[in-house]
Each structure stands twice: as C-alpha cells, then as structure tokens.
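Participant: Before we start, here is the structure in question, set down as structure tokens.
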Amino acid sequence: MSTPGDSSATQSASPIGRRSFVKGLSLASLGVALGVNAAASAEPASLTTPAAPARRRRYVIVGTGHRHELYRDAIENDFKDTAELVGLCDKNLGRIQVAQELSAKNGAKVPPGYLAADFDRMLAETKPDTVIVTTVDATHHEYLVRAMEQGCDVITEKPMTTQAETCQKIVDTTAKTGRRCRVTFNYRYSPPRTQVKDILMSGEIGDILSVDFHWMLNTFHGADYFRRWHSQKKNSGGLMVHKATHHFDLVNWWLSAVPVTVTAVGKREFYTPEMAKRMGLEGHHERCLTCPEKAKCGFLLDLEKSPRLKQLYVDQEKYDGYFRDRCVFRPDIDIEDTMNVIVGYDNGATLSYSLNAFNSWEGYTIAFNGTKGRLEHTIVENVYVNGTDTVQGGIKPGGVTTKVYPLRGPVRTVKPWTGSGGHGGGDAVMLSEIFGTNPAADKYLRASTEHAGAYSCLVGIAANRCFVTGQPVVIADLVKGLKKPDYTPMPTDDQPLPMPPQVDIA
Ligand SMILES: NC(=O)c1ccc[n+]([C@@H]2O[C@H](COP(=O)([O-])OP(=O)(O)OC[C@H]3O[C@@H](n4cnc5c(N)ncnc54)[C@H](O)[C@@H]3O)[C@@H](O)[C@H]2O)c1
Numbered sequence: 023m024s025t026p027g028d029s030s031a032t033q034s035a036s037p038i039g040r041r042s043f044v045k046g047l048s049l050a051s052l053g054v055a056l057g058v059n060a061a062a063s064a065e066p067a068s069l070t071t072p073a074a075p076a077r078r079r080r081y082v083i084v085g086t087g088h089r090h091e092l093y094r095d096a097i098e099n100d101f102k103d104t105a106e107l108v109g110l111c112d113k114n115l116g117r118i119q120v121a122q123e124l125s126a127k128n129g130a131k132v133p134p135g136y137l138a139a140d141f142d143r144m145l146a147e148t149k150p151d152t153v154i155v156t157t158v159d160a161t162h163h164e165y166l167v168r169a170m171e172q173g174c175d176v177i178t179e180k181p182m183t184t185q186a187e188t189c190q191k192i193v194d195t196t197a198k199t200g201r202r203c204r205v206t207f208n209y210r211y212s213p214p215r216t217q218v219k220d221i222l223m224s225g226e227i228g229d230i231l232s233v234d235f236h237w238m239l240n241t242f243h244g245a246d247y248f249r250r251w252h253s254q255k256k257n258s259g260g261l262m263v264h265k266a267t268h269h270f271d272l273v274n275w276w277l278s279a280v281p282v283t284v285t286a287v288g289k290r291e292f293y294t295p296e297m298a299k300r301m302g303l304e305g306h307h308e309r310c311l312t313c314p315e316k317a318k319c320g321f322l323l324d325l326e327k328s329p330r331l332k333q334l335y336v337d338q339e340k341y342d343g344y345f346r347d348r349c350v351f352r353p354d355i356d357i358e359d360t361m362n363v364i365v366g367y368d369n370g371a372t373l374s375y376s377l378n379a380f381n382s383w384e385g386y387t388i389a390f391n392g393t394k395g396r397l398e399h400t401i402v403e404n405v406y407v408n409g410t411d412t413v414q415g416g417i418k419p420g421g422v423t424t425k426v427y428p429l430r431g432p433v434r435t436v437k438p439w440t441g442s443g444g445h446g447g448g449d450a451v452m453l454s455e456i457f458g459t460n461p462a463a464d465k466y467l468r469a470s471t472e473h474a475g476a477y478s479c480l481v482g483i484a485a486n487r488c489f490v491t492g493q494p495v496v497i498a499d500l501v502k503g504l505k506k507p508d509y510t511p512m513p514t515d516d517q518p519l520p521m522p523p524q525v526d527i528a
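Position in the sequence shown (from 1) plus 22 gives the number in our numbering.
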C-alpha cells in the first residue's frame, strides 16, 4: 500500500504524448479515444485570433489530481488567449491520461504527459515559463526548488510546504535564483473575507489587540481528511499545516502582521478505532470499498457511485496502490482532529484559534477585538467532499454574517460582499489575477509570495512541534531570512483614539 506521496514512480523513456495517450485510452475505452483524437487535432481558436498576443505564457502542471483542474481549466478556457498548457506531470500514469482527456474535452491541444521521474526532462523539452505545483503537500518543495533552479517561475498550492527545513530550502532558492514564487491563498480573494480586510483597514474598530478564531470541519469534509493521504503527517503535515495554513494566512493578512510565538495542544479522539466500536461497529476496516460493515457505517464513501471519483482514483489504483476511501477509524492515522493554538504577533496582537474536524456544521466564527470596537464575522459553508460535484468552500445561502460592535452604541450589521463558485467566489477572482493580463492594482495586496507562504505554514509546523514537546516555539528559530510580506497599512497603537461617550448606567 503506498500513498501518492511515496516516491515509487515508474520511469518512462518518452513523454506520454498524443500517441501513447490515445493508445492508453483505447485499452480502456475506444469510444473515448475516438472523441479525444478528434478534439486533440483541433488547434485552439485563439492561435488564429488576430487579437492574440504573439506569444502565450507557457505553463506546466505537476500533480494531476483533483485540484489541478482549477488551473488547467482556467488556462484552456478563460485565459487561452494569453496562456498555454504545454506539459503535465504526475507519478500516476492513469491520472495523467485522465488529465489529457480533459484537455481534449476543453478543445485544447493535448499536452504531453511525463511521469514524476521525468520532471527535469519535461522542463527541458517543454520550456515552460511557469510551473504550477498541485501535488501532495509534502512533495511541493521538490518541484518548486528544481523548477526555480532551472529558470522557471512557480505557482504552488497551499500549504507551500510541510517542514521547516523544506521551507528554508524554498526561501533560499527563491533568493538565489530571483525567480517568482507565488502561493495561491484563494481564501483571501473570497469577497466577504476581502470585505473584513476592508473594514479592518478602515480603522472602524481601531487597532486589533486580540482575535478569537474557531474553524469547524463537519463529518463529511472533515472526515474525508482521515480517508486520504492527508491522514498521515508525512504527506500533509496534519490539519495544522494542510488546512490551517489557509486560516493562519488569513489572520496574518487581515492583521498585516507576522507570527512570532506559537503554543498549542492537539489530539485525536474522534477518528479512532475505539470510536468505531462506540458507534456500534465491530471495529475499523481497511477501506469502504471492501468494508464488511459498510451498510452500518455513517462514514461510508462509495467511490463507485461517483463517476468522477471512480475515474480519478479507483481506476488508477493499479498504478500506485493508493486508496482514496480508507477507513476513518484506522489506528495508523497520525493526524489530530482536535487542535487549539495561541499565536503572538509582531504587532502585539494575540490569536486564540481552534480547529475541530468532527463538527455538525462547517465554517467558522471569528472576532477581532479592537480599541474602538469588535468585528464579528461568521461563514457557514455547504457540505463538500473533494472530487465530487460539491463546491469547495461554497457558502450557504444567507451563510455570511458580519457585524461591527462599537465600544458603545448600536451594532452595525454589514451587508456582505458576494461572489460565486469555489471558496465563496475567491477562486475566480484569484485566477483572473494570476492568468489575466494587466491585472488592476490590488488595494488589499492579496497576491502572496514565498514569505507569506512560509509565515502561514510555519505556524502549523510550530504547533505540530508543541503537540510533541509541550514547549512554545519561536518562529524565527525555524527559518532564517524571512521578510515581512508586503501587507497593507493598518491602524496602529500610536494613533489617538476618541474617548467613548459617557453612558448613563444608573
Ligand atoms: N486551495 C485550495 O482550496 C485547495 C483545495 C484542494 C486541494 N488543494 C491542494 O492541492 C494539492 C493537491 O490536492 P488534491 O486534492 O488535488 O489531491 P489529489 O490526491 O487529488 O491529487 C494529488 C496528485 O499528486 C500526485 N502526486 C503525489 N505525489 C507525487 C509526486 N511525488 N510527484 C508527482 N505527483 C505526485 C498524485 O498522484 C495525485 O494525482 C494539495 O497540495 C492540496 O493541499 C488546495
């Protein structure tokens, strides 16, 4: 049994081009192959469009699982006049072929595929400007470092990386090569979260002294982390890194501050073999597909029921032995489901944060306690399971609440900014900034570099250390040479404050 993060990729002598792609498909499905072949021979319309620029920016994607589709579809549809996908790479041959098939469905030229062992050759042969990394978290650094060393810019999914040592490597390589490293923190771009930044910047609640932030994952999305590669820290860094990197980045960006110290406790008490028994099962099992007690289990994920999950994972198990539906009660899981963290920031603010992965609803509550008032903000998200047709981070109708409470006086209920699609509309805004031409100057400075990527994942990495040692961790001890990211100016503690009006409380 291996995970997608294991380095057991098969060697390939030549890229998986159109010919072997169609051959591979014809073994599986002649009908699909014919459709692909016809589409693959059509040049994208943009190549003949007079308005198209002389040269489109060349991208390759490494990691052709679920998430890569966001970038592939953006390049091949909305931004096809300015961007071009020239290569695909993964350690799983089958998922490369599925990705090629999807390119064909987009009517784009089918990019050649390369196995992971041939990544360097892909760079040499396809000459990309930018490498997009959407592999398992713990492998991001390998591709970021190698791509920058070979002269490419890089875009990486969060978390930038999972260990302090690999974080140092990325920061050092970026400094040495001068290449651009972008970490795609899509949460920043979600309209209601951008609106929170706008209110904080306005000074309405003054300078922020403390933040209370509580993130809930439900027993659909939350449970899913315990089935997949994420369930082992060597792949994901645990939920403190994999998931909370989003949340720590939001706080860093919202406050325009960087973390200095971290203390934390974490445990796993819900997704355990004992819990399977408490819930009436005889015990844990290997996976849902073959589970003898599946009819009784409320955590069943039937991969065969979803054509997409079946195609992306079950049909590709023969290449790497990766099971997408492992039992959530397995004893070999080593990530936490219950986590509490205290963070101190360079501007004096403190954060009290919690993450629980077994809640009855998904979303978060956050409160900023400022010198002029308190901002309370809540988002309730829809049910989501990765790889299904559900929308990740989609907000429930009426699910956003934002209120400003001045120190004295009536509460102001804020009408939320809205958007649609993945992550509350954040994905679409971010993609147009990444792939669009001449994006407008962003007053919220949402684009983030390796330094913001580092400051967010390092809080989780520090928390993981605290879980083991019980000792506080100083962020500056983990990685050297970090620079404060380019954040917006915020209200500060040297500015005068209005005296709150007297209130007759007798
Ligand atoms: N920003 C977001 O909201 C968001 C949402 C989902 C996923 N992600 C991120 O996207 C990345 C991919 O997640 P996913 O959901 O697509 O997972 P996935 O399991 O569907 O895909 C991961 C892919 O990486 C491949 N892979 C594993 N190890 C590899 C290696 N050494 N070399 C090359 N390929 C390798 C696997 O074969 C698989 O195809 C993760 O870093 C995850 O954190 C971000």
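Virtual Cβ for every residue (Gly too), placed ideally from N, Cα, C.
Just curious, the beta strand (DSSP E) that residue 454 is in, first and last residue?
Facilitator: Per DSSP, residue 454 belongs to no beta strand (DSSP E); it is in the alpha helix (DSSP H), 448-457.
Participant: Does DSSP put residue 361 in a helix, a strand or coil?
Facilitator: Strand, per DSSP.
Participant: Flag residue 180 as yes when its Cβ comes closer than 7 Å to any non-hydrogen atom of ligand 1, and as no otherwise.
Facilitator: Under cutoff, so the answer is yes.
Participant: Helix, strand or coil for residue 403, going by three-state DSSP, please let me know.
Facilitator: In this structure, residue 403 counts as strand in the three-state DSSP scheme.
Participant: Since residue 417 sits in a beta bridge, which residues does DSSP pair it with?
Facilitator: In the DSSP output, where bridge partners are listed per residue, residue 417 has 403.
Participant: If you draw a straight line from the C-alpha of residue 286 to the C-alpha of residue 483, how long is it?
Facilitator: The straight-line gap from Cα to Cα measures roughly 11 Å.
Participant: How big is the Cα-Cα spacing for residue 91 and residue 79?
Facilitator: Rounded to the nearest angstrom, the two C-alpha atoms are 18 Å apart.
Participant: So, for residue 457: in the same chain, excluding its five sequence neighbours on each side, which residues have a beta-carbon less than 6 Å away from its beta-carbon?
Facilitator: The answer, listed in chain order, is 96, 101, 105.
Participant: At a threshold of 7 Å, does residue 237 count as lining ligand 1 (C-beta to nearest heavy atom)?
Facilitator: No, Cβ of residue 237 sits at least 7 Å from all heavy atoms of ligand 1.
Participant: Ligand 1 heavy atoms versus the CB of residue 404: any closer than 7 Å?
Facilitator: No, Cβ of residue 404 sits at least 7 Å from all heavy atoms of ligand 1.
Participant: Less than 7 Å between the CB of residue 117 and some heavy atom of ligand 1, yes or no?
Facilitator: Result yes, Cβ under 7 Å from ligand 1.
Participant: Would you mind sorting residue 382 into buried or exposed? The rule is 16 or more other CB atoms within 10 Å of its CB.
Facilitator: Classification of residue 382: exposed, given that the 10 Å Cβ count is below 16.
Participant: Between residue 229 and residue 392, how many whole angstroms is the CB-CB distance? I'm expecting something under 8 Å.
Facilitator: Yes, they are in contact, since the Cβ atoms of residue 229 and residue 392 sit about 6 Å apart, within 8 Å.
Participant: In angstroms, rounded to a whole number, what distance separates the CA positions of residue 445 and residue 354?
Facilitator: Rounded to the nearest angstrom, the two C-alpha atoms are 31 Å apart.
Participant: Leaving out five residues before and five after residue 112 in sequence, what residues of the same chain have Cβ atoms less than 8 Å from its Cβ?
Facilitator: The residues are 84, 85, 86, 87, 118, 121, 135, 137, 138, 157.
Participant: So what's residue 460 in DSSP terms, helix, strand or just coil?
Facilitator: Correct three-state label for residue 460: coil.
Participant: Who pairs with residue 425 in a beta bridge, going by DSSP?
Facilitator: Its beta-bridge partners are 398, 435.
Participant: With residue 281 as the anchor, note down where its beta strand (DSSP E) starts and where it stops.
Facilitator: 281-289 is the span of the beta strand (DSSP E), which, as asked, contains residue 281.
Participant: So residue 290 and residue 348 are supposed to be a Cβ contact under 8 Å. How far apart are they, rounded?
Facilitator: Not quite, the Cβ-Cβ distance comes to about 15 Å (not below 8 Å), so this is no contact.
Participant: Could I get the ranges of all uninterrupted alpha helix (DSSP H) runs contained in the region 208-260, with 4 residues as the minimum, in chain order?
Facilitator: You should have 213-224, 243-246, 255-258.
Participant: In the DSSP assignment, the alpha helix (DSSP H) including residue 380 goes from what residue to what residue?
Facilitator: Element bounds for residue 380: not the alpha helix (DSSP H) but the beta strand (DSSP E), 372-381.
Participant: Under 7 Å: does the beta carbon of residue 148 sit that close to some heavy atom of ligand 1?
Facilitator: The answer is no for residue 148.
Participant: If we count the other Cβ atoms within 10 Å of its Cβ and call it buried at 16 or more, is residue 65 buried or exposed?
Facilitator: Summary for residue 65: the model assigns pLDDT 27, below 50, so the residue's position carries little reliability; its value from the coordinates is reported in the next sentence. The residue is exposed, with fewer than 16 neighbouring Cβ atoms inside 10 Å.
Participant: Return yes when at least one heavy atom of ligand 3 lies under 7 Å from the C-beta of residue 140, else no.
Facilitator: Judged by which ligands are present, ligand 3 is missing from the structure shown, whose ligands are ligand 1.
Participant: With a cut-off of 8 Å on the beta carbons, I'd call residue 258 and residue 160 a contact; round off their distance for me.
Facilitator: So it is a contact: roughly 7 Å between Cβ atoms.
Participant: Alpha carbon to alpha carbon, what distance is there between residue 150 and residue 174?
Facilitator: Going from the Cα of residue 174 to the Cα of residue 150 covers about 7 Å.
Participant: Pair every Cβ in the region 293-309 with every Cβ in the region 500-520, then say whether three or more of these pairs are closer than 8 Å.
Facilitator: Output reads no: the region 500-520 does not touch the region 293-309.
Participant: Would you say the beta carbon of residue 540 is closer than 7 Å to some non-hydrogen atom of ligand 1?
Facilitator: Nothing can be reported for residue 540: it is not among the residues displayed for the chain, which extend from 23 to 528.
Participant: Does ligand 1 have a heavy atom nearer than 7 Å to the CB of residue 111?
Facilitator: Checking every heavy atom of ligand 1 against the Cβ of residue 111, one is found closer than 7 Å.
Participant: Whole angstroms is fine: what's the gap from residue 278's alpha carbon to residue 203's?
Facilitator: Each residue's Cα considered, the two are about 20 Å apart.
Participant: Quick one: grab the DSSP three-state call for residue 132.
Facilitator: Three-state result, residue 132: coil.
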